[in-house]
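Peer 1: From first to last, the protein sequence lines are chains A and U. So the first sequence is numbered by the working numbering: it starts at 104 and just counts up by one. So the second sequence is numbered by the working numbering: it starts at 104 and just counts up by one. The beta-carbon is built from N, C-alpha and C at its ideal position, and this holds for glycine as well. This one's a predicted model, so the numbers in the text were calculated from it and none came from an experiment.
There are 2 protein chains.
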Amino acid sequence: MVAELTVALDGMGGDFGPETVISGADIASVRHPDVRFLIFGDRAIVEPILLKHPRVAAASTFEHTDVSISMDDKPSQALRRGRRTSSMWKAIDAVKQGRAGVAVSAGNTGALMAMAKVILKTMPNVERPAIAALWPTLRGESVVLDVGATIGPHAFQLVQFAVMGEAYARVIFNIEKPTVGLLNIGQEEVKGTESVKLAAQMLRESSLPIIFHGFVEGDDLGKGTVDVVVTDGFTGNIALKTAEGTARQVGEYLSQAISRSFFAKIGYVFAQGAFKTLRAKMDPRASNGGVFLGLDGLVVKSHGGTDGIGYAAAIDVAIDVASANLLGKIRTDLDLLTGFRERFMAPGAEAGRKAADVTEPPEVALS
Amino acid sequence: MVAELTVALDGMGGDFGPETVISGADIASVRHPDVRFLIFGDRAIVEPILLKHPRVAAASTFEHTDVSISMDDKPSQALRRGRRTSSMWKAIDAVKQGRAGVAVSAGNTGALMAMAKVILKTMPNVERPAIAALWPTLRGESVVLDVGATIGPHAFQLVQFAVMGEAYARVIFNIEKPTVGLLNIGQEEVKGTESVKLAAQMLRESSLPIIFHGFVEGDDLGKGTVDVVVTDGFTGNIALKTAEGTARQVGEYLSQAISRSFFAKIGYVFAQGAFKTLRAKMDPRASNGGVFLGLDGLVVKSHGGTDGIGYAAAIDVAIDVASANLLGKIRTDLDLLTGFRERFMAPGAEAGRKAADVTEPPEVALS
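(1) Would you list the residues sitting across from Thr225 of chain A in a DSSP beta bridge?
(2) Going along chain U in order, which residues have a C-beta closer than 9 Å to the C-beta of Phe259 of chain A?
(3) Can you give the Cα-Cα distance for Val229 of chain A and Gln263 of chain A, rounded to whole angstroms?
(4) Let me know if Thr212 of chain U comes out buried or exposed under the rule of 16 or more other beta-carbons within 10 Å of its beta-carbon.
(5) Per DSSP, what are the beta-bridge partners of His167 of chain U in this structure?
(6) Counting only beta-carbon atoms, is Gly348 of chain A nearer than 8 Å to chain U?
(7) Buried or exposed for Ile278 of chain U, please, with buried defined as at least 16 other CB atoms from any protein chain shown within 10 angstroms of its CB.
(8) Can you check the region 376-434 of chain U for any alpha helix (DSSP H) of at least 4 residues that lies completely inside it and give the ranges in chain order?
(9) Check whether the Cβ of Gly295 of chain A lies closer than 8 Å to any Cβ atom in chain U.
(10) For Lys457 of chain A, which residues from the same chain have a beta carbon less than 6 Å from its beta carbon, with the 5 sequence-adjacent residues on both sides left out?
(11) Kindly confirm or deny that the region 394-403 of chain A and the region 202-210 of chain A touch, where touching means at least three C-beta pairs closer than 8 Å.
(12) Against chain A, does Asp118 of chain U count as a neighbour if the rule is that its beta carbon must be under 8 Å from one of theirs?
(13) So does the region 225-239 of chain A actually touch the region 358-365 of chain A, counting three or more Cβ pairs closer than 8 Å?
(14) Looking at the unbroken alpha helix (DSSP H) that takes in Glu297 of chain A, where does it start and where does it end?
(15) Anything in the region 376-390 of chain U with a Cβ closer than 8 Å to a Cβ of chain A? List those residues in chain order, please.
(16) Would you call the region 183-197 of chain A and the region 157-170 of chain A touching, i.e. three or more CB-CB distances under 8 Å?
(17) For Ile130 of chain A, I'd like the list of residues in its chain whose CB is within less than 7 Å of its CB, leaving aside the five on either flank, ordered along the chain.
(18) Roughly how many whole angstroms lie between the Cα atoms of His316 of chain A and Gly243 of chain A?
(19) Please list the partners that Lys326 of chain A has in chain U, where partner means a Cβ-to-Cβ separation under 7 Å.
(20) For Gly284 of chain A, which residues of its own chain have a beta-carbon under 6 Å away from its beta-carbon, when the five flanking residues on both sides are left out?
(21) Mind checking which residues open and close the beta strand (DSSP E) that includes Glu244 of chain U?
(22) What do you reckon, are the CB atoms on Gly327 of chain U and Thr240 of chain U nearer than 8 Å?
(23) How would you write the range of the alpha helix (DSSP H) that Phe315 of chain U sits in, first residue to last?
(24) Could you name each continuous alpha helix (DSSP H) segment of 4 residues or more that falls completely within the region 323-387 of chain U, going from the start of the chain to the end?
(25) Does the beta-carbon of Glu269 of chain A have 16 or more other beta-carbons within 10 angstroms, so that it is buried, or is it exposed?
(26) Using the beta-carbon of each residue, which ones in chain A are nearer than 7 Å to Tyr371 of chain U?
(27) Rounded to whole angstroms, what's the CA-CA distance from Glu297 of chain A to Ile288 of chain A? Just pull it up for me.
(28) Going along the chain, which residues of the region 282-294 of chain A sit with their C-beta nearer than 9 Å to a C-beta in chain U?
(29) Less than 8 Å separating the beta-carbons of Gly407 of chain A and Gly127 of chain A?
(30) Roughly how far, in whole angstroms, is the beta-carbon of Ile422 of chain A from the beta-carbon of Val110 of chain A, given that I think they are within contact range, below 8 Å?
(31) Less than 8 Å separating the beta-carbons of Leu396 of chain U and Tyr271 of chain U?
(32) Per DSSP, which residues does Trp238 of chain A bridge with? Please list them.
(33) Mind checking whether Tyr356 of chain A and Leu248 of chain U have CB atoms under 8 Å apart?
(34) Taking just the CA atoms, how far does Glu107 of chain U sit from Ala161 of chain U?
(35) Would you mind giving the Cβ-Cβ distance between Ala374 of chain A and Ala367 of chain U, rounded to the nearest angstrom? I have them listed as a contact below 8 Å.
(36) Closer than 8 Å, CB to CB, is Gln352 of chain A near chain C or not?
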């Protein structure tokens with residue numbers, strides 16, 4: 104699709120800055136020798152690191168930027184300080200200008216999303232963006248969105264997330280017909296917020312070419328019950344961090360239990376291979392890379408605290424979505440939503456807004 | 104406080120019915136020889152089981168009921184079919200009548216909450232009930248509420264949850280000053296839903312005798328950053344099930360990794376003790392028992408799929424909260440909320456409702 108793909112990199116983003124970015128690009132460039140990088144950052148810091156990574160240097164164009172967005176900058180500060188001048192802004196702007204097919208940043212999520220919205224704008228038929236994460240499951244991986252961009256989307260926005268997430272799953276998992284579920288607190292139709300219930304009705308009764316599985320619950324995330332789990336950014340973000348925390352907690356229990364006994368330590372030596380497998384399975388670096396969906400251009404967010412291996416995984420995601428023309432696929436799918444809102448929502452602005460209200464569940468309201 | 108405590112048991116609730124209930128009561132009665140049980144259920148089914156558990160039989164009064172609420176009954180069905188006649192209804196009603204200090208049921212949550220609301224009503228100064236769960240953490244255990252009773256509480260209702268959850272933590276953990284956090288998608292004041300932000304402001308600026316830690320995130324649940332985590336029932340339910348699912352997922356990874364290699368199996372034999380410790384740490388039965396808070400009477404929900412050991416843990420929770428006079432403590436604390444709403448919310452009904460609306464986070468709204 105893309106003859107020669109260029110990936111724009113925010114060289115200064117992340118907890119560890121250019122070290123992580125360049126070593127990630129190094130790892131990725133072995134897997135993708137044809138990809139070019141367009142790196143933005145502070146010359147005095149980035150160039151010495153590039154010298155140590157000749158493979159990246161050869162595959163890259165470097166451009167100096169004066170301003171770096173810090174991990175603590177509020178989105179408003181970032182926009183004030185970093186507009187047109189920061190490495191983050193310029194990486195996204197390179198996508199807007201067509202100089203790059205996709206941008207990657209490990210910078211702070213709020214700032215990155217705010218800038219991406221300003222520069223790229225939302226696509227036609229999309230009201231709010233979503234961040235789609237890859238979630239390791241017992242069956243492999245699922246796409247979960249939104250994990251933090253949009254708090255309190257209404258029903259039709261959840262349907263838009265479903266359409267975009269399904270397209271992303273097709274591309275990233277290379278499957279034709281991903282299954283889609285809506286995250287809820289029960290399987291029954293009467294459960295959940297008004298927006299979730301209405302979104303389910305829309306997905307069920309629509310003729311969208313989506314395999315809608317219905318509601319899924321929190322424990323379905325780890326099981327991998329569906330390929331795509333749709334939720335609001337508040338719930339998705341908390342679920343994601345809860346899962347990360349629980350995995351670390353269990354890992355901690357395990358190492359405590361083993362270090363407490365002599366025989367367990369011997370057992371550990373024998374089972375080293377198995378523990379290595381386990382660690383690999385649980386390695387959050389493997390599923391690094393959150394894709395911003397709904398914007399008119401591709402941006403991938405790397406975890407800020409990751410290392411080169413994790414950053415390379417985010418670059419892989421970026422390359423996958425850009426070379427598979429994810430934007431084009433989403434645009435085509437979203438066309439199917441024309442007239443959709445009118446079909447399902449009562450006339451007037453009220454209908455669209457009403458769905459965002461959260462209400463008491465029917466069973467409790469009974470009494 | 105309570106000279107002789109009677110615990111009312113819904114003998115027919117749960118996936119496995121009276122077998123689990125009676126064997127749970129048997130285990131609990133060893134730990135609490137002074138506690139009496141008031142058991143409701145179908146005589147033809149329960150009596151033969153009681154014969155096999157003479158210790159429970161001796162500590163119990165049994166009353167026949169014709170109707171059992173099934174795990175699939177919708178709350179409305181349950182109320183129609185089971186009003187005044189079912190084992191679930193009668194167990195709760197025994198609390199209302201003062202015949203028991205607390206009721207335990209493993210029946211379906213929606214039905215149990217609907218009946219409990221009808222029979223017991225909400226307390227003064229409480230608008231909506233919450234279900235408080237015990238959450239295993241790296242530091243021990245935390246209280247998390249609400250995990251499913253109230254979808255979309257407004258800010259003042261979240262403050263009520265904080266007050267009730269703090270009182271519960273004092274009782275169940277036997278600590279004087281539990282710390283309280285609000286579950287959110289970031290630590291910063293600008294993040295989250297309107298109701299979460301306003302609730303934080305209320306807790307921060309009020310003179311409530313609560314140690315308010317501020318916002319906590321999903322990964323703070325497993326860390327045990329605070330003793331009490333306050334959230335809405337939608338998010339709390341999904342977080343709880345996500346954590347359960349993730350723990351199972353990691354356990355599954357571990358057993359797959361070990362069963363795949365000969366040396367790992369040998370290692371497993373040596374490390375058996377450690378794996379036993381790990382299993383005990385991760386045993387969901389140990390933290391079984393969700394307390395309904397905000398009603399004028401105590402009801403404890405046991406997990407429907409648990410066994411006798413898990414059911415006994417729910418009875419333990421019930422005994423703890425009843426004998427520590429949790430209701431009285433909550434009533435006293437809630438008195439401090441008189442005039443609270445007026446202080447923090449703009450006049451008119453609108454203010455109370457507005458807080459329940461979920462809105463876009465400020466950083467995204469910027470652009």
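Peer 2: Quick look at the numbers:
(1) BP columns for Thr225 of chain A point to A:Leu398.
(2) From the beta-carbon of Phe259 of chain A, no residue of chain U is found nearer than 9 Å; the closest lies around 15 Å away.
(3) As the crow flies, the alpha-carbon of Val229 of chain A is around 7 Å from that of Gln263 of chain A.
(4) If you draw a 10 Å sphere on the C-beta of Thr212 of chain U, you find 16 or more other C-beta atoms in it, and that means buried.
(5) In DSSP, His167 of chain U forms a bridge with U:Gly144.
(6) Residue contact with chain U for Gly348 of chain A: present (Cβ-Cβ distance below 8 Å to some residue of chain U).
(7) Answer is exposed; the Cβ neighbour count stays below 16.
(8) You should have 411-426.
(9) By this cut-off, Gly295 of chain A is an interface position.
(10) With a pLDDT of only 38 at Lys457 of chain A, under the threshold of 50, the placement of this residue in the model should not be trusted; the figure read from the coordinates follows. Excluding positions up to five away in sequence, the list is empty.
(11) Contact holds: three or more Cβ-Cβ distances are below 8 Å.
(12) Not one beta carbon of chain A lies nearer than 8 Å to the beta carbon of Asp118 of chain U.
(13) With contact defined as three or more Cβ pairs closer than 8 Å, the region 225-239 of chain A and the region 358-365 of chain A are not in contact.
(14) Note, Glu297 of chain A: alpha helix (DSSP H), 297-308.
(15) So the close ones are Gly376, Ala377, Phe378, Thr380, Leu381, Lys384, Met385.
(16) The count of Cβ pairs closer than 8 Å, one atom from the region 183-197 of chain A and one from the region 157-170 of chain A, reaches three, so the stretches are in contact.
(17) Answer for Ile130 of chain A: Gly411, Ile412, Ala415, listed in chain order.
(18) Each residue's alpha carbon lies about 18 Å from the other.
(19) Those are Gly348, listed as they occur along chain U.
(20) Within the same chain, Gly284 of chain A has close Cβ partners His316, Val319, Val329, Val332.
(21) Its beta strand (DSSP E) spans residues 243-248.
(22) Yes. Within cutoff.
(23) Looking at the DSSP string, Phe315 of chain U is not in any alpha helix (DSSP H); the run it does join, the beta strand (DSSP E), is 314-319.
(24) List check, alpha helix (DSSP H) in window: 336-362, 365-373, 375-385.
(25) Residue burial is scored here from C-beta neighbours: Glu269 of chain A has at least 16 other C-beta atoms within 10 angstroms and is therefore classed as buried.
(26) Under the 7 Å cutoff, chain A gives Gly370, Ala374.
(27) In this structure, the alpha-carbon of Glu297 of chain A lies about 12 Å from that of Ile288 of chain A.
(28) Taken in chain order, the members of the region 282-294 of chain A whose beta-carbon sits within less than 9 Å of a beta-carbon on chain U are Leu286, Asn287, Ile288, Gly289, Glu291, Val293, Lys294.
(29) No, the pair does not count as a contact, with Cβ atoms beyond the cut-off.
(30) Taking 8 Å as the upper bound for CB-CB distance, Ile422 of chain A and Val110 of chain A are in contact here, some 7 Å apart.
(31) At the C-beta level, Leu396 of chain U and Tyr271 of chain U come within 8 Å of one another.
(32) DSSP lists A:Ser245 as partners of Trp238 of chain A.
(33) The answer is no: Cβ separation not under 8 Å.
(34) Roughly 15 Å separates the two Cα atoms.
(35) Contact holds; Cβ gap of about 4 Å.
(36) You won't find chain C in this structure, because its protein chains are A and U.
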